[in-house]
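Numbering (mature numbering (1 follows the signal peptide of the UniProt record, and there is no 0)), first residue to last: -27 to -1, 1 to 187.
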């Protein structure tokens, strides 16, 4: 007997529900954990001295509030030290889950992280700007070198804006330096292949604006 219209409609509806359910599951997997500052266009990465709340589903004894130490680690109950500095909240959750699995403490841990207190998000700018000093970075948005120069009153008349140097110490103690051509950014173009004009500042960065040789 050929299928009736009602039967076909039911089959189509069932197929649509399967597609919608799969899409919802995928969206949920990409949704940031509660208590994080993950937003479209900006992803917050944990840093040294952030204080975070760690919860493990159905394991109340493992719940804890810990501060990220100078090495970028948190000390977990049972599992010990796990490096989380430089990770997003969701990446840190997976790292902690892996630590519990590797130590055979839990078979299928489900970890949730929420940020209780943020580390001081300061950067400093020195050299040829009109108001050198220390400035706070916004917590929930990005901040560029050009924006910092502007906040510091702009370049002086003798500043070499094409060779602004950013010094950064990574969570594992490595020193990195970047050169930013602020002049080219202001003109709306990238200087050259080595120009880090799109560099976004991180807590602890030191920005130095050299003097132009006349």
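No residue lacks a Cβ here, since even glycine has one placed at the ideal position from N, Cα and C. Every value quoted in this text rests on a predicted model; they were computed, and no experiment measured them.
- In the DSSP assignment, residue 181 forms a beta bridge with 99 and 138.
- Note on residue 126: under 16 other CB atoms within 10 angstroms of its CB, so exposed under the neighbour-count rule.
- Nearest C-alpha to residue 103 among 113, 77, 134 and 92: 134.
- Residue 50 is not bridged by DSSP to any residue.
- DSSP places residue 90 within a strand segment (E or B) once states are collapsed to three.
- Residue 63 sits buried, since 16 or more C-beta atoms from the chains shown fall within 10 Å of its C-beta.
- Residue 115 has no beta-bridge partner at all, per DSSP.
- Residue 37 sits in a strand when the DSSP states are folded into three classes.
- In the DSSP annotation of this structure, the continuous segment of the beta strand (DSSP E) that includes residue 149 starts and ends at 148 to 153.
- Contact between the stretch 174 to 187 and the stretch 133 to 153 is present, with at least three C-beta pairs closer than 8 Å.
- The criterion of a C-beta distance shorter than 8 Å is satisfied by residue 121 and residue 174.
- Assignment of residue 55 by DSSP, reduced to helix, strand and coil, places it in the strand class.
- In the same chain as residue 148, and ignoring 5 residues on each side of it, the C-beta atoms closer than 8 Å to its own belong to 140, 141 and 142, in chain order.
- Taking the Cα of residue 19 as reference, the smallest distance to any Cα among 34, 36 and 43 is reached at 43.
- DSSP, reduced to helix, strand and coil, places residue 109 within a strand of the structure shown.
- Taken through DSSP and simplified to helix, strand or coil, residue 25 comes out as strand.
- When only Cα atoms are considered, residue 115 and residue 94 end up about 12 Å apart.
- Here residue 66 is buried: its Cβ has 16 or more other Cβ atoms, across all protein chains shown, within 10 Å.
- Taking every protein chain shown into account, the CB of residue 154 has 16 or more other CB atoms within 10 angstroms, so this residue is buried.
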